[in-house]
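Protein chains: 4
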Amino acid sequence: MQDRIIEGSVDLFDKKGFSKTSIQDIVDSIGVSKGTFYYYFNSKQELLRDIHLNYIQNLLDNQMIYMNDSTLSNREKLQKMGYLIISGIRKSGKSARVFNREVRHLEEEHIKQVHAIRREFRMNVQRIIEAGIKNGEFRSDLRSDIVTFGILGMVNRTYSWYDPDGEVKEEELVDIFIEMLVNGLKG
Amino acid sequence: MQDRIIEGSVDLFDKKGFSKTSIQDIVDSIGVSKGTFYYYFNSKQELLRDIHLNYIQNLLDNQMIYMNDSTLSNREKLQKMGYLIISGIRKSGKSARVFNREVRHLEEEHIKQVHAIRREFRMNVQRIIEAGIKNGEFRSDLRSDIVTFGILGMVNRTYSWYDPDGEVKEEELVDIFIEMLVNGLKG
Amino acid sequence: MQDRIIEGSVDLFDKKGFSKTSIQDIVDSIGVSKGTFYYYFNSKQELLRDIHLNYIQNLLDNQMIYMNDSTLSNREKLQKMGYLIISGIRKSGKSARVFNREVRHLEEEHIKQVHAIRREFRMNVQRIIEAGIKNGEFRSDLRSDIVTFGILGMVNRTYSWYDPDGEVKEEELVDIFIEMLVNGLKG
Amino acid sequence: MQDRIIEGSVDLFDKKGFSKTSIQDIVDSIGVSKGTFYYYFNSKQELLRDIHLNYIQNLLDNQMIYMNDSTLSNREKLQKMGYLIISGIRKSGKSARVFNREVRHLEEEHIKQVHAIRREFRMNVQRIIEAGIKNGEFRSDLRSDIVTFGILGMVNRTYSWYDPDGEVKEEELVDIFIEMLVNGLKG
DNA sequence: GATGAATGAGGGTTCATTCAT
DNA sequence: AATGAATGAACCCTCATTCAT
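Residue numbers (our numbering), protein chains in the order written: chain L, 146 to 332; chain G, 146 to 332; chain U, 146 to 332; chain W, 146 to 332.
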């Protein structure tokens with residue numbers, strides 16, 4: 146039941162936004178009563194927090210798989226990382242959009258929790274950049290923190306415009322990004 | 146008075162979000178009555194729309210200045226464009242954040258209006274990329290639309306993390322981004 | 146100006162009702178400012194009262210012309226009275242409808258004032274009935290007060306359905322009513 | 146609860162009018178909270194509509210009982226019809242007054258609905274008149290539609306002045322009206 | 001586990017009215 | 001004589017939450 150509620154609410158949060166979605170909307174969409182909702186969640190806030198933690202924990206878990214794979218070059222790790230996020234749009238685009246849009250509606254404390262995990266994810270990417278600099282794959286004259294922010298910005302924004310069923314496939318999209326990032330645009 | 150209301154509300158929308166900011170909050174913050182608000186704006190929606198149109202029109206106007214400057218290379222144009230957005234954070238970071246976060250709260254019709262202008266801005270950047278490809282500044286084997294989305298994602302996301310009073314200055318930030326984009330990360 | 150305001154407001158009260166017509170609506174409709182309204186009327190209430198008193202006084206004045214005409218039979222007086230009201234629909238149907246519908250929105254005190262004049266009008270009709278009974282024109286076995294209420298109900302209700310530009314002319318309408326009232330429906 | 150709300154609001158609408166009665170007034174009068182009101186009605190409008198439809202449907206149902214009674218003469222049917230309305234004042238005078246006064250506050254669509262049923266009621270009365278003309282009970286030289294409007298005006302207006310606990314009983318009132326209508330006033 | 005009636009605080013909005021100019 | 005900015009009370013309505021069953 147918890148899962149049905151989460152599923153239904155992610156749908157609605159994606160479509161109408163957190164604050165415009167009422168508990169009534171949610172329970173109607175899955176055919177249960179308001180009482181049921183409050184049997185499984187203490188508040189609307191808590192539901193949102195659960196959605197966020199679910200999502201980000203999953204992302205972090207997947208990240209770990211590649212982080213520790215020593216057969217991959219750092220460029221390849223970046224590529225995997227990008228693919229991880231972008232391919233996620235198809236499976237969990239709604240969650241991802243909700244995650245990216247509705248953080249602000251979390252309570253102070255939960256925001257911190259989510260930010261900490263986000264930071265962790267980002268620091269892992271930054272570690273890849275720094276490893277690449279160390280082993281000569283990447284140039285050393287650009288600040289690794291800024292570079293990381295740049296890369297993640299580029300990749301994360303895809304949620305707001307990318308259609309996984311459009312003419313550009315996920316692999317191609319990631320390839321273009323990584324190629325541009327590593328070898329540059331210059332002719 | 147219109148301006149005082151806009152100013153005060155941008156502050157609050159930035160701090161607490163559109164839906165959590167009440168008209169009462171807004172008028173309290175500038176010391177007038179609720180009636181006054183409705184003397185100048187027909188609805189909360191209309192206020193949000195005005196904020197959006199103000200902001201984006203200004204951005205588009207500034208973009209035009211560089212677009213038509215034939216003394217600039219395309220790399221330089223990209224650089225100007227990035228600086229335009231990022232330096233805007235200091236002056237109008239609040240508006241910018243509100244703009245980027247609260248679009249969803251606009252009514253259908255206004256969303257379309259804003260999207261149209263946004264698209265215009267993006268297409269101008271794409272035109273720079275394409276001009277660069279044509280004159281040999283940029284490589285021709287990467288889709289210009291995707292490249293454009295990537296660059297804008299990278300630059301626009303700065304609103305959510307960049308502190309213009311931190312240790313990295315606006316110029317430096319843009320330099321890193323453009324250098325990475327044009328010459329690539331590879332060592 | 147007073148008259149322009151009254152005219153415009155009668156229009157609107159007729160169309161939308163008293164409580165759904167705002168002062169703003171009124172002043173907009175005649176192209177002046179709100180301040181002007183309050184220069185000429187102390188309140189919305191006062192405006193309504195003026196409309197009512199204007200209307201009813203006029204009716205009462207016209208009634209007097211026939212009341213004191215000794216060349217008319219009592220049936221003829223009833224006929225004149227009916228024609229007075231019904232022909233008024235064309236000239237001042239709006240006022241009449243406003244008068245009949247919006248009395249309840251007057252303040253206690255003004256309601257009494259209007260009721261007094263209304264009663265006066267009704268008593269005059271009753272006097273005609275009684276005079277007719279006395280001189281044998283009318284039968285004496287029906288309570289004159291009830292008969293009066295009946296006649297006035299019949300005539301006054303025309304405001305809610307009668308179209309003076311329809312196929313039945315005012316004269317014909319009054320003729321049917323009076324003929325039915327005096328000689329009855331029986332075959 | 147629905148019924149308690151309707152009862153309480155009919156009381157208030159009768160006393161103060163629809164637009165001067167707030168939801169707060171209604172819920173205060175029956176000792177529940179505002180939320181409760183909106184649990185049972187979607188809007189103030191909807192409440193008014195329900196009151197109207199309840200009332201008029203009931204009237205129409207009762208009318209049908211007499212319409213199809215072939216043992217009654219047409220004069221007797223008219224009498225029954227009048228008694229139906231006038232005796233209703235005691236039981237449901239408030240509803241009746243609300244019904245007669247507040248139609249204008251219904252939304253376009255509901256007004257049409259109510260008008261249709263009203264028309265149905267009126268047409269039934271007209272059918273009685275026409276049947277009476279056909280079988281010789283009533284004279285044939287007066288338009289049956291106008292006659293019907295006249296009779297209904299006479300009877301319906303009683304709501305605004307008739308006190309069922311006054312010196313004239315319902316039966317007597319109806320007798321006077323019908324006698325006057327059928328045999329006329331003439332001496 | 002699940003229901004749904006009931007709550008009450010708060011939100012956006014309207015509007016008659018005032019008053020300095 | 002006329003303006004229009006400013007007020008503040010009141011209004012309709014929404015909604016997260018509680019609780020007896």
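Even glycine gets a Cβ: it sits at the ideal position worked out from N, Cα and C.
Problem - Proximity winner among L:Ser188, L:Ser232, L:Gly162, L:Glu254, relative to G:Val248 (alpha-carbon distances) - result: When L:Ser188, L:Ser232, L:Gly162, L:Glu254 are compared, the shortest CA-CA separation from G:Val248 is found for L:Gly162.
Exercise for the section: For G:Phe182, write down the residues that DSSP places opposite it in a beta bridge. Expected result: Answer by DSSP bridge pairing: none, since G:Phe182 is not bridged.
Exercise for the section: With a floor of 3 residues, list each beta strand (DSSP E) that falls wholly inside the stretch 161 to 232 of chain G, ordered by position along the chain. Expected result: none
Handout entry: Chain-ordered neighbours of G:Leu287 on chain L, where CB pairs are closer than 8 Å
Key = Ile321, Glu324, Met325, Leu330
Problem - Where U:Gly295 meets chain W, residues with beta-carbon distance less than 7 Å - result: Met299, Phe322, Met325
Exercise for the section: Apply the 10 Å Cβ neighbour rule to G:Arg261 and answer buried if 16 or more other Cβ atoms are within range, or exposed otherwise. Expected result: According to the sequence as given, residue 261 of chain G is Ala; it is not Arg. Exposed, since its Cβ has fewer than 16 Cβ neighbours within 10 Å.
Exercise for the section: Alpha carbon to alpha carbon, how far is G:Lys314 from L:Ser289? Give it in angstroms, no decimals. Expected result: 15 Å
Exercise for the section: With DSSP collapsed to three states, give me the class of L:Asp314. Expected result: According to the sequence displayed, residue 314 of chain L carries Lys and not Asp. The answer is coil: DSSP assigns L:Lys314 none of H, G, I, E or B.
Problem - Check whether W:Asn219 and W:Ile273 have beta carbons under 7 Å apart - result: yes
Practice task
Could you tell me whether the Cβ of L:Glu247 comes closer than 7 Å to any Cβ of chain G?
Solution key: Output row for L:Glu247: interface = no.
Problem - chain G residues whose Cβ lies nearer than 9 Å to that of L:Thr303 - result: Within 9 Å Cβ-Cβ: Phe294, Gly295, Gly298.
Practice task
Go through the stretch 244 to 301 of chain L residue by residue and report every complete run of the alpha helix (DSSP H) that reaches 4 residues or more, in order.
Solution key: As summarised for the stretch 244 to 301 of chain L, the continuous alpha helix (DSSP H) elements at least 4 residues long and confined to that stretch are 253 to 279, 289 to 301, given in chain order.
Handout entry: Residue range of the alpha helix (DSSP H) that includes U:Trp306
Key = 303 to 306
Problem - Nearest to U:Pro309 (by Cα), restricted to the options U:Asn199, U:Ile234, U:Ile150 - result: U:Ile234
Problem - Alpha carbon of G:Lys222 to alpha carbon of G:Met212, nearest angstrom - result: 7 Å
Problem - Under 9 Å by beta carbon: chain U residues contacting W:Val313 - result: Those within 9 Å of W:Val313 in chain U are Arg288, Asp290, Ile291.
Exercise for the section: Starting from W:Lys331, follow its DSSP beta bridges and name the residues at the other end. Expected result: Looking at the DSSP output, W:Lys331 shares a beta bridge with U:Phe283.
Handout entry: Proximity winner among G:Val243, G:Gly281, G:Ser174, relative to G:Ile201 (alpha-carbon distances)
Key = G:Val243
Practice task
Kindly indicate which three-state DSSP category G:Pro325 falls into: helix, strand or coil?
Solution key: In the sequence under discussion, the amino acid at residue 325 of chain G is Met, which differs from the Pro named in the question. Assignment of G:Met325 by DSSP, reduced to helix, strand and coil, places it in the helix class.
Problem - Selection from L:Thr166, L:Thr303, L:Thr293 that minimises the alpha carbon distance to G:Leu297 - result: L:Thr303
Exercise for the section: Scan the stretch 252 to 268 of chain U for residues whose Cβ lies nearer than 8 Å to a Cβ of chain W and list them as they occur along the chain. Expected result: Residues of the stretch 252 to 268 of chain U with a C-beta atom less than 8 Å from some C-beta of chain W do not occur.
Exercise for the section: Anything in chain W within Cβ reach of U:Ser164, meaning under 9 Å, just list it in chain order. Expected result: Per Cβ cutoff of 9 Å: Gly162, Phe163, Ser164, Lys165, His250.
Handout entry: Sequence-distant residues of its chain with Cβ nearer than 7 Å to G:Val319 (five each side left out)
Key = The answer, listed in chain order, is Gln224, Gly227, Tyr228, Ile231.
Problem - Contacting positions in the stretch 225 to 245 of chain L - beta carbon closer than 9 Å to chain G - result: Contact residues of the stretch 225 to 245 of chain L toward chain G are absent (C-beta to C-beta distance below 9 Å).
Problem - Spatial neighbours of W:Phe322 in its chain, beta-carbon cut-off 7 Å, leaving aside the 5 residues before and after - result: Gly227, Met299, Val300
Exercise for the section: Tell whether a beta-carbon distance below 7 Å holds between G:Ser240 and G:Val155. Expected result: The Cβ atoms of G:Ser240 and G:Val155 sit closer than 7 Å to each other.
Exercise for the section: Tell me, please, whether the CB atom of U:Phe283 is closer than 7 Å to any CB atom in chain W? Expected result: yes
Problem - Residues near L:Glu254 in its chain [Cβ-Cβ closer than 8 Å; skip 5 each side] - result: For L:Glu254, where only same-chain residues beyond five positions count, there are no Cβ hits under 8 Å.
Handout entry: From L:Asp148, L:Leu192, L:Gly180, L:Tyr184, residue whose alpha carbon lies closest to that of L:Thr166
Key = L:Leu192
Problem - CA-to-CA distance, W:Gly295 to U:Trp306, given in whole angstroms - result: 11 Å
Problem - Cβ shell of U:Val327 (< 7 Å), same chain only, five flanking positions each side left out - result: Arg220
Practice task
May I have the straight-line CA-CA distance separating G:Gly332 from L:Arg267, to the nearest angstrom?
Solution key: 22 Å
Practice task
Taking only the alpha-carbon atoms, compute the straight-line gap between W:Met325 and U:Ser285 and give it to the nearest angstrom.
Solution key: 11 Å
Problem - Members of the stretch 193 to 214 of chain W that neighbour chain U once the beta carbon cut-off is set at 9 Å - result: none
Practice task
For W:Lys189, I'd like the list of residues in its chain whose CB is within less than 7 Å of its CB, leaving aside the five on either flank, ordered along the chain.
Solution key: Ile168
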